[in-house]
Amino acid sequence: MRGGRAPAILLGGVATLLLSFLWMPALLPVASRLLLLPRALLSMASGSPPSQPSPAPGSGYVPGSVSAAFVTCPNEKVAKEIARAVVEKRLAACVNLIPQITSIYEWKGKIEEDSEVLMMIKTQSSLVPALTDFVRSVHPYEVAEVIALPVEQGNSPYLHWVRQVTESVSDSSTVLP
Numbered sequence: 000m001r002g003g004r005a006p007a008i009l010l011g012g013v014a015t016l017l018l019s020f021l022w023m024p025a026l027l028p029v030a031s032r033l034l035l036l037p038r039a040l041l042s043m044a045s046g047s048p049p050s051q052p053s054p055a056p057g058s059g060y061v062p063g064s065v066s067a068a069f070v071t072c073p074n075e076k077v078a079k080e081i082a083r084a085v086v087e088k089r090l091a092a093c094v095n096l097i098p099q100i101t102s103i104y105e106w107k108g109k110i111e112e113d114s115e116v117l118m119m120i121k122t123q124s125s126l127v128p129a130l131t132d133f134v135r136s137v138h139p140y141e142v143a144e145v146i147a148l149p150v151e152q153g154n155s156p157y158l159h160w161v162r163q164v165t166e167s168v169s170d171s172s173t174v175l176p
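Once you know that position 84 of the sequence shown is 83 in numbering that gives the first Met the number 0, the rest is easy, because the numbers rise by one and skip nothing.
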């Protein structure tokens, strides 16, 4: 293109993209993360560590300090045993058992379909490695599914309770199975 129209078209494209976020609220989280990306890249380029999240206004909760971990089990008996153990060891404040989920997955070159129980485990993010190690040590699967997602927002009293219940474990250096 000639005559300097490329920057105008580029700017128009950016404006269109930004306006699309207003019309599609589901994209707002993506937009906010994209807007934070340059700050994170500048931080990495300068050699300084990225800033730590600050508490949500008025809540005292630091986003991401609590996680929801998900573990699948072959049946309710196994799920209950693991759930009780992680709560007793204070690796989790609460475990929800969601029965009769169907999992479809590839295993050793074959497509499998199984009925399973899904555990949703609420814990401190700092305890996820210890929780993972414990679950792996007692789980009957050759490869136990343990995945965790940080909780960015929620009911502040509940999130405070999760941290309070699991606080003594996060203060110690090791957790034994």
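Idealized CB from N, CA, C, for every residue including glycine.
- Under the three-state reduction of DSSP, Gln99 is assigned to strand.
- When Cβ pairs closer than 8 Å are counted between the two stretches, the region 123-136 is seen to touch the region 62-77, the count reaching three or more.
- Residues Cys72, Glu75, Ala78, Leu96 and Pro98 of the same chain have their beta carbon placed closer than 6 Å to that of Val116, with the five preceding and five following residues left out of the count.
- Only exposed fits Ile146, as fewer than 16 other CB atoms lie within 10 angstroms of its CB.
- By the neighbour-count criterion, in which 16 or more other beta carbons inside 10 Å mark a residue as buried, Val85 falls on the buried side.
- Residue pairing by DSSP puts Thr122 in a beta bridge opposite Ser66.
- DSSP lists Thr71 and Ile97 as the bridge partner or partners of Leu117.
- Boundaries around Ala147 are those of the beta strand (DSSP E), Val145 to Val150, since no alpha helix (DSSP H) includes it.
- With contacts defined by Cβ atoms closer than 8 Å, Met118 and Ala92 do not form a contacting pair.
- Taking Leu148 as reference, the option from Glu166, Pro156 and Leu126 with the minimal CA-CA separation is Leu126.
- Per DSSP, the beta bridge partners of Ile110 are Glu105.
- Of the residues Val168, Ile103 and Tyr104, the one whose Cα lies closest to the Cα of Pro128 is Val168.
- Close CB contacts of Val161 within its chain, under the 8 Å cut and outside five residues either way in sequence, are with Val65, Ala92, Cys93, Lys121, Thr122 and Gln123 (chain order).
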